[in-house]
Amino acid sequence: MFIVNGQEYYINSIQTNLLTNKSELELITKQSAYTPSVLT
Numbered sequence: 004m005f006i007v008n009g010q011e012y013y014i015n016s017i018q019t020n021l022l023t024n025k026s027e028l029e030l031i032t033k034q035s036a037y038t039p040s041v042l043t
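According to our numbering, the sequence shown is numbered sequentially starting from 4.
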């Protein structure tokens, strides 16, 4: 998990170029508390 400016991110995927040793990260945000909707 990474925290940037107070926002939490998780790594979704990593692609690494073995020739250059550089990686590209795809990040997803951590969602706040989940509240299920209730149908009445």
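C-beta atoms are modelled at their ideal positions from N, C-alpha and C, and glycine is treated no differently. None of these values were measured; they are calculated from a predicted model.
{"Check": "Of the residues Y13, M4, E27, the one placed nearest T19, counting alpha carbons only", "Outcome": "E27"}
{"Check": "Opening and closing residue of the beta strand (DSSP E) in which T32 lies", "Outcome": "25-32"}
{"Check": "Reduced DSSP category for N8 - H, G, I as helix; E, B as strand; rest coil", "Outcome": "coil"}
{"Check": "Inter-residue spacing [alpha-carbon to alpha-carbon] between V7 and L30", "Outcome": "11 Å"}
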